[in-house]
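One structure is given here, and the rest of the page talks about it.
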Amino acid sequence: MVIDNSPVSEGGKAAEETERWDPASLQAKWMPVWEEIKPFRTDVPGDTRPRKYVLDMFPYPSGDLHMGHAEAYALGDVIARYWRQQGFNVLHPVGWDSFGLPAENAAIKRGLDPRQWTYDNIDQQHQSFKKYASSFDWSRVLHTSDPEYYKWNQWLFLKMYEKGLAYRKASWVNWDPVDQTVLANEQVLPDGTSERSGAVVVKKKLTQWYFRITDYADRLLDDLKQLEGTWPSKVIAMQRNWIGRSVGADVDFVIEGRDEPVTVFTTRPDTLYGVTFMVVAPDSDLAIELAAGSTPEVQERFQTYLAEVQKTSETERQSADRPKTGMPLERWAINPVTKERIPIWAADYVLADYGHGAVMAVPAHDQRDLDFARAFDLPVRVVVDTNQPVTGVIPVIDLDNLDELPPLDPKSTGTALTGEGRLINSGPLDGLSKSNAIRRIIELLEQAGTGRPAKNYRLRDWLISRQRYWGTPIPIIHGEDGSEHPVPEDQLPVVLPPTEGLNLTPKGSSPLGAAEDWVNVPNPVDGTPARRDPDTMDTFVDSSWYFLRFLSPNDDTQPFDPKEVEKWAPVDQYVGGVTHAILHLLYARFITKVLFDLGYVPFTEPFSALLNQGMVLMDGSAMSKSKGNLVRLSDQLDEHGVDAVRLTMAFAGPPEDDIDWADVSPAGSAKFLARAWRLSGEVTSAPEVNWRDGDRALRKVTHRFLAEAPGLIEAFKFNVVVARIMELTNAARKAIDSGPGAGDPAVREAVETIALGLSLFAPYTAEDMWERLGYEPSVANYGWRKADPSLLTEDAVTAVIQVDGKVRDRVEVSPKIGAAELEALARTLPGVVRSVGDREIVTVVCRPPRLVNIVTKPLG
Numbered sequence: 001m002v003i004d005n006s007p008v009s010e011g012g013k014a015a016e017e018t019e020r021w022d023p024a025s026l027q028a029k030w031m032p033v034w035e036e037i038k039p040f041r042t043d044v045p046g047d048t049r050p051r052k053y054v055l056d057m058f059p060y061p062s063g064d065l066h067m068g069h070a071e072a073y074a075l076g077d078v079i080a081r082y083w084r085q086q087g088f089n090v091l092h093p094v095g096w097d098s099f100g101l102p103a104e105n106a107a108i109k110r111g112l113d114p115r116q117w118t119y120d121n122i123d124q125q126h127q128s129f130k131k132y133a134s135s136f137d138w139s140r141v142l143h144t145s146d147p148e149y150y151k152w153n154q155w156l157f158l159k160m161y162e163k164g165l166a167y168r169k170a171s172w173v174n175w176d177p178v179d180q181t182v183l184a185n186e187q188v189l190p191d192g193t194s195e196r197s198g199a200v201v202v203k204k205k206l207t208q209w210y211f212r213i214t215d216y217a218d219r220l221l222d223d224l225k226q227l228e229g230t231w232p233s234k235v236i237a238m239q240r241n242w243i244g245r246s247v248g249a250d251v252d253f254v255i256e257g258r259d260e261p262v263t264v265f266t267t268r269p270d271t272l273y274g275v276t277f278m279v280v281a282p283d284s285d286l287a288i289e290l291a292a293g294s295t296p297e298v299q300e301r302f303q304t305y306l307a308e309v310q311k312t313s314e315t316e317r318q319s320a321d322r323p324k325t326g327m328p329l330e331r332w333a334i335n336p337v338t339k340e341r342i343p344i345w346a347a348d349y350v351l352a353d354y355g356h357g358a359v360m361a362v363p364a365h366d367q368r369d370l371d372f373a374r375a376f377d378l379p380v381r382v383v384v385d386t387n388q389p390v391t392g393v394i395p396v397i398d399l400d401n402l403d404e405l406p407p408l409d410p411k412s413t414g415t416a417l418t419g420e421g422r423l424i425n426s427g428p429l430d431g432l433s434k435s436n437a438i439r440r441i442i443e444l445l446e447q448a449g450t451g452r453p454a455k456n457y458r459l460r461d462w463l464i465s466r467q468r469y470w471g472t473p474i475p476i477i478h479g480e481d482g483s484e485h486p487v488p489e490d491q492l493p494v495v496l497p498p499t500e501g502l503n504l505t506p507k508g509s510s511p512l513g514a515a516e517d518w519v520n521v522p523n524p525v526d527g528t529p530a531r532r533d534p535d536t537m538d539t540f541v542d543s544s545w546y547f548l549r550f551l552s553p554n555d556d557t558q559p560f561d562p563k564e565v566e567k568w569a570p571v572d573q574y575v576g577g578v579t580h581a582i583l584h585l586l587y588a589r590f591i592t593k594v595l596f597d598l599g600y601v602p603f604t605e606p607f608s609a610l611l612n613q614g615m616v617l618m619d620g621s622a623m624s625k626s627k628g629n630l631v632r633l634s635d636q637l638d639e640h641g642v643d644a645v646r647l648t649m650a651f652a653g654p655p656e657d658d659i660d661w662a663d664v665s666p667a668g669s670a671k672f673l674a675r676a677w678r679l680s681g682e683v684t685s686a687p688e689v690n691w692r693d694g695d696r697a698l699r700k701v702t703h704r705f706l707a708e709a710p711g712l713i714e715a716f717k718f719n720v721v722v723a724r725i726m727e728l729t730n731a732a733r734k735a736i737d738s739g740p741g742a743g744d745p746a747v748r749e750a751v752e753t754i755a756l757g758l759s760l761f762a763p764y765t766a767e768d769m770w771e772r773l774g775y776e777p778s779v780a781n782y783g784w785r786k787a788d789p790s791l792l793t794e795d796a797v798t799a800v801i802q803v804d805g806k807v808r809d810r811v812e813v814s815p816k817i818g819a820a821e822l823e824a825l826a827r828t829l830p831g832v833v834r835s836v837g838d839r840e841i842v843t844v845v846c847r848p849p850r851l852v853n854i855v856t857k858p859l860g
């Protein structure tokens with residue numbers, strides 16, 4: 001980042017000696033004023049302005065605000081303030097995502113109640129946000145750990161339970177051995193570790209609560225088209241990849257000794273004739289069942305193998321470079337098209353939650369299957385001749401040149417034949433291309449009743465159970481007979497019990513189960529003894545709909561007022577980190593679609609536009625105490641002032657880029673703000689002066705900024721807007737010191753425009769400038785001035801005149817000059833006449849009004 005730190009003019013130095021820009025004083029002066037006038041309230045009676053909803057991803061109260069917060073909330077605030085200047089009533093609320101493991105773990109470490117730790121941090125952040133001059137409507141604050149909020153989490157759960165979208169089942173889950181709780185698939189990092197604790201995640205079988213997000217997989221995928229152009233393309237791609245829709249067929253394989261066939265999903269049903277064995281995930285229910293029906297020796301070996309598999313992360317199991325492991329279950333399946341008996345193996349490269357937990361192995365045409373087949377000497381059968389083209393006439397192979405063709409023997413080469421080709425060794429499919437063979441085999445399977453078209457998804461149902469205290473209690477009561485009973489709505493919220501007497505230390509089961517007075521309740525159906533569900537909800541439930549609660553945060557009769565939803569939602573601009581590109585955004589989109597289907601909201605996407613900001617680094621690395629590169633926001637604010645930090649964040653570069661704090665200059669930002677502020681004290685004309693009487697050159701700079709800034713803001717080019725404010729400041733300074741002087745109306749107009757521009761980035765400085773210029777607060781609500789079109793046209797432009805590519809003269813011309821007129825003028829210029837001399841003019845290239853190039857050659 002480069003800031004103009006050149007010495008100020010003599011006039012600027014004189015002013016500096018008598019007055020000083022002091023950020024601490026400005027902050028102390030204006031914070032109480034804004035507290036009193038509440039400039040950002042959105043519920044003013046009779047307000048008829050059009051509306052905008054600008055929302056920042058709400059913070060987690062892990063401590064005071066940090067440098068990442070400083071960037072995110074500075075950028076979101078620019079957008080909110082901009083739309084107010086454009087005449088909109090802007091809803092810009094704030095709250096705290098205040099449930100969750102970090103607060104609970106921090107409280108345990110300190111011997112505190114999670115409530116105390118959480119709400120103390122909220123109080124600290126609340127004050128820091130006010131100091132940071134964020135333009136929030138402070139009448140709409142919410143905390144997700146308030147019973148008044150999580151009551152509606154429970155209401156949402158019950159609505160989904162009624163519709164069959166919330167259910168409980170026993171399954172293998174991701175288990176965090178440090179935090180002693182389950183994790184959703186999305187909370188396991190690519191290296192197999194927990195995004196919470198960093199521990200290696202293991203598999204554990206538990207009965208858990210799920211939301212049936214897979215019912216919405218197609219809509220979550222297809223509706224991304226609505227967001228193209230307003231969401232970052234990489235976020236859309238990440239969502240598409242996570243949902244991971246595959247199209248193919250479900251194929252039924254008969255298992256000897258089992259009544260029900262096993263269904264396998266495949267994207268390549270055309271290769272069914274090449275299936276030579278079946279593989280099941282060792283941690284699937286199917287593998288456990290098949291092993292149990294085998295010999296005692298197999299059962300013993302299987303238990304040993306399963307224990308080893310459960311120590312391995314899913315990411316590691318999927319690695320192509322890892323040697324394949326597995327064991328035969330001594331069970332047999334029947335290939336539905338060849339009727340051959342094929343062996344069934346358990347192998348860790350198959351995952352329990354892919355398809356149906358079993359895959360048909362076609363080793364000739366799938367590299368992982370081939371690696372497994374070669375490791376255990378299983379048969380390989382080629383059914384796609386990749387030497388045959390899939391378009392046009394099938395050629396006659398030249399038998400004299402067979403050595404030039406790639407070999408069709410994957411078992412010896414070790415390379416699967418994955419390319420296009422035509423089917424061979426496949427009965428009725430022989431000679432068909434892949435696409436035609438897929439269509440034909442599905443027809444044959446449907447006729448035989450052994451298969452059907454199908455889709456599969458990488459997406460899995462959302463596991464919401466957590467075995468921890470600090471979260472929303474699940475509103476279900478369990479009868480002694482195993483029955484489930486929703487808590488009646490009129491008994492919500494189910495409030496967390498006090499922590500006295502509870503051991504919150506992670507131990508693999510929820511602490512709530514030990515709160516006897518809380519957990520033991522009568523069955524709501526017949527009054528018999530029953531127990532509350534002891535688990536709490538994933539905190540992503542809290543954040544999946546909070547944008548709606550902001551619309552009526554104090555309403556205790558409903559989660560949100562439908563009239564307010566009609567007025568404000570969906571969110572017009574959402575701002576936050578790309579780290580939430582999958583988890584939070586996917587869940588919020590899902591819950592919005594559920595609420596739409598239930599008739600509670602009239603839209604299907606929660607966030608119409610999305611801006612992702614980068615990270616704030618130090619010396620190229622993420623900040624941390626252990627690295628010794630931690631920069632504390634509080635220290636930066638004390639040293640440079642709020643405005644300088646905010647301006648630096650906006651000026652550092654495009655919002656989506658990372659900021660390296662070592663490369664930027666908050667001190668330079670402070671110096672610039674001091675220069676701009678001093679201008680407001682030097683203006684001598686009155687507020688009512690007629691600007692049209694002012695210096696035209698300065699007015700043109702002012703109005704060019706007024707015309708261009710809105711488009712730049714809407715394109716998120718905040719750094720360019722700051723640079724233009726600096727240019728205007730320099731022009732105003734020059735006009736005062738060596739131009740028409742401080743009393744010129746154009747100087748007042750320019751300095752007022754600087755204040756309006758700075759109100760987006762540096763609120764304290766802008767407000768004080770506005771007052772010094774003779775206006776009442778708040779500059780934030782004054783509005784953006786329209787540019788005068790007559791000042792946006794150039795009176796004259798400089799045409800460059802070249803001879804044989806070299807500049808020989810320049811001339812001021814009208815912007816509307818024609819080519820013939822410009823060429824004739826160029827030929828008469830002294831520099832051109834001298835350069836042409838007695839040479840012959842070959843051609844003239846004329847680009848009015850900017851350029852003429854005369855090409856010559858020697859005479860004769």
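With the first letter of the sequence shown counted as 1, position 109 gets the number 109 in UniProt numbering; the numbers rise by one all the way through. Where a beta carbon is used, it is the ideal one built from N, C-alpha and C, also for glycine.
Sequence-distant partners of R808 (beyond 5 residues in either direction) whose C-beta falls short of 8 Å from its own C-beta, in its chain, are I801, Q802, L829, G831, V832, R834, S835. I236 and T856 have their C-alpha atoms spaced approximately 56 Å apart.
In this structure P59 does not touch S778 by the C-beta definition: roughly 25 Å separates them, more than the 8 Å allowed. In this chain, I474 is not harboured by any beta strand (DSSP E), its DSSP state being neither H nor E. For the 8 Å CB-CB criterion, L679 and T648 do not form a contact. The straight-line gap separating the alpha-carbon atoms of V383 and P389 is approximately 14 Å. Apart from sequence neighbours up to five positions away, the residues of its chain that approach W231 with a beta-carbon distance below 6 Å are L610, ordered along the chain. Boundaries for W345: no alpha helix (DSSP H) harbours it, while the beta strand (DSSP E) harbouring it runs 341-347, taken from the DSSP string. Of all alpha-carbon atoms in E708, Q116, D223, F376, the one lying nearest the alpha-carbon of F607 is that of D223. The Cβ atoms of R422 and S433 lie closer than 8 Å to each other. The criterion of a C-beta distance shorter than 8 Å is not satisfied by V642 and Q124. The stretch 453-507 is shown to contain whole beta strand (DSSP E) runs of 3 or more residues at 476-479, 484-486, in chain order. Segment contact: the stretch 248-255 against the stretch 457-467, fewer than three CB-CB distances shorter than 8 Å; contact not assigned.
In terms of Cα proximity to G837, the closest of I854, V845, A622 is I854. Here K625 is exposed, its C-beta having fewer than 16 other C-beta atoms within 10 Å. The straight-line gap separating the alpha-carbon atoms of L329 and V182 is approximately 30 Å. Residue pairing from DSSP places Y574 in a beta bridge opposite L55, L610. Ranked by how close their Cα comes to the Cα of A320, the residues D371, G620, W117 have D371 in first place.
Residue ranges of uninterrupted alpha helix (DSSP H) with 4 or more members, entirely inside the stretch 257-334 and ordered along the chain, are 285-292, 296-309, 314-317.
Residue state for L758 is assigned as helix, using DSSP reduced to three classes. In the DSSP assignment, E776 falls outside any alpha helix (DSSP H) and carries neither an H nor an E. If the five residues before and after S284 are omitted, its C-beta is found closer than 6 Å to the C-beta atoms of A352, G357, all from its own chain and listed in chain order. Between the beta-carbon of F718 and that of L221 there is about 33 Å, and that puts the pair past the 8 Å contact cut. The straight-line gap separating the alpha-carbon atoms of V495 and G46 is approximately 39 Å.
For the stretch 164-213, the full-length beta strand (DSSP E) segments reaching 3 residues or more read 166-176, 181-183, 202-211 along the chain.
In the three-state DSSP reduction, N241 falls in the helix class (H, G or I). One alpha carbon belongs to S313, the other to V188, and they sit about 9 Å apart. For M67, the enclosing alpha helix (DSSP H) begins and ends at 67-85.
Cβ contact annotation for T118 (same chain, cutoff 7 Å, sequence separation greater than five): P61, S98, A103, S145, in chain order. Here Q388 carries a coil assignment [DSSP, helix/strand/coil]. Burial state of G95 is buried, judged by a 10 Å Cβ sphere holding 16 or more other Cβ atoms. Beta-carbon to beta-carbon, W677 and W21 are separated by about 4 Å, close enough to satisfy the 8 Å threshold.
Taken in chain order, the complete beta strand (DSSP E) segments of 3 or more residues contained in the stretch 593-643 are 610-613, 616-618. Shown here, G741 sits in coil according to DSSP, grouped into three states, outside any helix or strand.
Distances from the alpha-carbon of N456 to those of F651, I817, T798, V247 put V247 closest.
Boundaries for N690: no alpha helix (DSSP H) harbours it, and the DSSP string shows neither H nor E there.
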